[in-house]
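A.B. asks: Here's a structure for you.
Residue numbers (our numbering): 1 to 469.
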């Protein structure tokens with residue numbers, strides 16, 4: 001009978017997918033229990049073996065340092081660590097406190113002998129080499145997909161066709177519509193409502209709460225975050241995005257597949273989502289929500305409403321001057337700014353800009369090329385001058401990155417042009433500002449106004465509106 005009173009078990013898997021789909025963690029824990037360990041004695045992680053921030057791993061080492069452990073049982077060496085440097089640090093502690101490392105696959109490491117130390121270092125090097133090889137293969141795979149502009153997977157509205165996607169023309173559920181038609185309907189409903197949750201409710205009322213099939217491309221997302229990611233995916237308008245969750249590596253390129261919505265519709269979606277993180281664009285009370293800033297401390301002003309004799313008075317206050325309980329006051333501007341005055345001043349700034357645009361049409365604009373684009377163009381030119389075949393793949397990647405930057409820059413120019421058109425239209429509409437609603441003001445302000453700075457001078461309230469154009 002083994003004495004496991006001073007023993008611990010440790011296991012890990014690298015990804016959540018290995019845990020949920022492969023059930024690798026469950027299998028490791030089951031094997032450790034079969035060895036004789038209890039649930040309380042087993043520590044685990046869902047993280048890379050090269051990470052030093054693993055909670056379960058660090059908890060095991062803490063127990064080693066407190067001299068509560070004599071044995072650590074692991075399924076195999078690479079389940080303990082995949083870092084040669086990390087192993088050296090852990091080995092010193094195991095050696096110092098006399099802890100034995102035992103493998104379920106058979107054998108153990110005697111860290112007191114030269115042979116045991118040599119074996120441990122060989123195992124650590126092999127584990128690190130496997131990790132590096134997997135990482136290299138993944139990187140090469142990503143690079144190959146980018147060079148060929150291949151698409152990893154289809155989203156709702158599309159279906160995979162070899163290395164690309166095509167609109168899904170199969171019947172949707174038991175309706176007379178195709179998947180691609182329902183996808184377009186999802187986009188149209190969101191553009192009309194401007195709200196994610198409202199769009200989902202409307203769609204589920206019509207098509208039901210239960211999803212069709214087990215794959216994502218078979219039905220539209222039912223939760224807000226997934227629906228937002230689907231709407232933001234450039235695959236909808238005939239483009240492909242690589243590294244979508246890495247802002248430093250994110251790359252959007254023109255694809256060869258047929259989009260199901262126009263580039264203008266996709267840009268409209270992005271603009272609506274940019275107005276408010278939750279995808280809402282209508283505010284019933286404060287059209288300047290999130291736009292007004294305190295000139296003294298830079299805090300975003302908060303609205304305060306007071307009702308006196310049936311009349312509502314709306315003001316803006318600096319939260320830095322009115323802190324919550326047990327918080328320090330960081331601003332001395334305790335003035336309550338009148339919201340109506342802030343709105344009127346912002347409208348005046350837009351009126352002046354609109355009249356200027358109307359008087360000087362057409363307006364010649366000088367396009368400013370971003371510094372990142374210029375630097376990338378110079379790098380590509382230098383590499384091409386070397387005329388070295390070894391740099392061909394590097395040039396290809398840089399050209400794709402340049403294309404992505406140019407596409408982003410082009411969309412920004414389109415957005416600026418649309419803002420100019422909005423103001424020109426306003427200038428041509430007599431009496432527009434007298435009949436506009438607060439909901440319409442909200443959409444206009446968030447599209448055209450960068451910020452409104454609120455300040456006080458000689459007891460007078462001042463508002464300085466900075467426009468986006």
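No residue lacks a Cβ here, since even glycine has one placed at the ideal position from N, Cα and C.
What number of angstroms, rounded off, separates the C-alpha of residue 373 from the C-alpha of residue 246?
C.D. replies: In the chain shown, residue 373 corresponds to position 373, counting from 1. In the chain shown, residue 246 corresponds to position 246, counting from 1. About 19 Å.
A.B. asks: Ignoring anything shorter than 3 residues, give me the beta strand (DSSP E) runs that lie fully in the segment 227-266, in order along the chain.
C.D. replies: Listed in chain order, they are 239-242, 251-254.
A.B. asks: Cβ atoms of residue 321 and residue 333: under 8 Å apart, would you say?
C.D. replies: Translated into positions along the chain shown, residue 333 becomes position 333. Translated into positions along the chain shown, residue 321 becomes position 321. It is a contact, given that the beta carbons lie within the stated cut-off.
A.B. asks: Which residues mark the beginning and the end of the beta strand (DSSP E) in which residue 43 is found?
C.D. replies: Translated into the one-based positions of the chain shown, residue 43 becomes position 43. Per DSSP, residue 43 belongs to the beta strand (DSSP E) from 42-46.
A.B. asks: Return the residue from the list 10, 443, 105 that minimises the CA-CA distance to residue 289.
C.D. replies: In the chain shown, counting from the first residue as 1, residue 289 sits at position 289. Nearest of 10, 443, 105 to residue 289, Cα basis: 443.
A.B. asks: By the 10 Å Cβ neighbour count, where 16 or more other Cβ atoms means buried, how is residue 152 classified, buried or exposed?
C.D. replies: The residue you call residue 152 lines up with position 152 of the chain shown. Burial call: exposed.
A.B. asks: Could one say the Cβ of residue 455 lies closer than 8 Å to chain D's Cβ atoms, at least one of them?
C.D. replies: The structure shown has no chain D; it contains just one protein chain.
A.B. asks: Between residue 73 and residue 15, what straight-line distance do the alpha-carbon atoms span, to the nearest angstrom?
C.D. replies: Translated into positions along the chain shown, residue 73 becomes position 73. Translated into positions along the chain shown, residue 15 becomes position 15. Looking at the two C-alpha atoms, the distance is approximately 21 Å.
A.B. asks: Count the C-beta pairs between the segment 33-40 and the segment 59-71 that are closer than 8 Å, then say yes if the count reaches three, no if not.
C.D. replies: Segments in contact, no.
A.B. asks: Helix, strand or coil: how does DSSP classify residue 79 here?
C.D. replies: Start at 1 with the first residue of the chain shown, and residue 79 comes out as number 79. Helix, per DSSP.
A.B. asks: Can you give me the C-alpha to C-alpha distance between residue 345 and residue 248, rounded to a whole angstrom?
C.D. replies: Taking the first residue of the chain shown as position 1, residue 345 is located at position 345. Taking the first residue of the chain shown as position 1, residue 248 is located at position 248. Distance between the alpha carbons of residue 345 and residue 248 is about 39 Å.
A.B. asks: Do residue 338 and residue 461 have their C-beta atoms closer together than 8 Å?
C.D. replies: Position 338 of the chain shown, counted from the first residue, corresponds to residue 338. Position 461 of the chain shown, counted from the first residue, corresponds to residue 461. Yes, these two residues count as a Cβ contact at 8 Å.
A.B. asks: Only counting the same chain, and skipping five residues up and downstream in sequence, which positions put a Cβ closer than 7 Å to that of residue 93?
C.D. replies: Start at 1 with the first residue of the chain shown, and residue 93 comes out as number 93. So the qualifying residues of the chain are 61, 64, 65.
A.B. asks: In chain order, what are the residue ranges of uninterrupted alpha helix (DSSP H) at least 4 long that sit wholly in the segment 186-222?
C.D. replies: If we require 4 residues or more, the alpha helix (DSSP H) runs fully inside the segment 186-222 come out as 196-207.
A.B. asks: Taking the alpha-carbon positions, what's the residue 257 to residue 157 distance?
C.D. replies: Counted from its first residue, the chain shown places residue 257 at position 257. Counted from its first residue, the chain shown places residue 157 at position 157. Whole-angstrom Cα-Cα distance: 12 Å.
A.B. asks: Could you have a look at residue 154 and say whether DSSP puts it in helix, strand or coil?
C.D. replies: Numbered from 1 along the chain shown, position 154 holds the residue referred to as residue 154. Correct three-state label for residue 154: coil.
A.B. asks: Whole angstroms are fine: how far does the CA of residue 102 sit from the CA of residue 2?
C.D. replies: Locating residue 2 in the chain shown gives position 2, where the first residue counts as 1. Locating residue 102 in the chain shown gives position 102, where the first residue counts as 1. Going by the C-alpha atoms only, they are around 13 Å apart.
A.B. asks: Is the Cβ-Cβ distance between residue 209 and residue 189 less than 8 Å?
C.D. replies: Walking along the chain shown from the start, residue 209 turns up at place 209. Walking along the chain shown from the start, residue 189 turns up at place 189. For residue 209 and residue 189, no; Cβs fall outside 8 Å.
A.B. asks: How far does the beta strand (DSSP E) with residue 315 in it reach, from first residue to last?
C.D. replies: For this step, residue 315 is matched to residue 315 along the chain shown. Here the beta strand (DSSP E) through residue 315 covers 311-317.
A.B. asks: When burial is assigned at 16 or more other CB atoms within 10 Å of the CB, is residue 309 buried or exposed?
C.D. replies: For the purposes of this step, residue 309 is taken as residue 309 along the chain shown, with counting starting at 1. It is exposed - the Cβ of residue 309 has fewer than 16 other Cβ atoms within 10 Å.
A.B. asks: Considering only the beta carbon of each residue, do residue 83 and residue 50 sit closer than 8 Å?
C.D. replies: The residue given as residue 83 occupies position 83 in the chain shown. The residue given as residue 50 occupies position 50 in the chain shown. Closer than 8 Å, so yes.
A.B. asks: Ordered along the chain, which non-local residues of its own chain (more than five positions away) have a Cβ less than 7 Å from that of residue 111?
C.D. replies: Within the chain shown, the letter at position 111 stands for residue 111. Excluding positions up to five away in sequence, the list reads 91, 94, 95, 117, 120.
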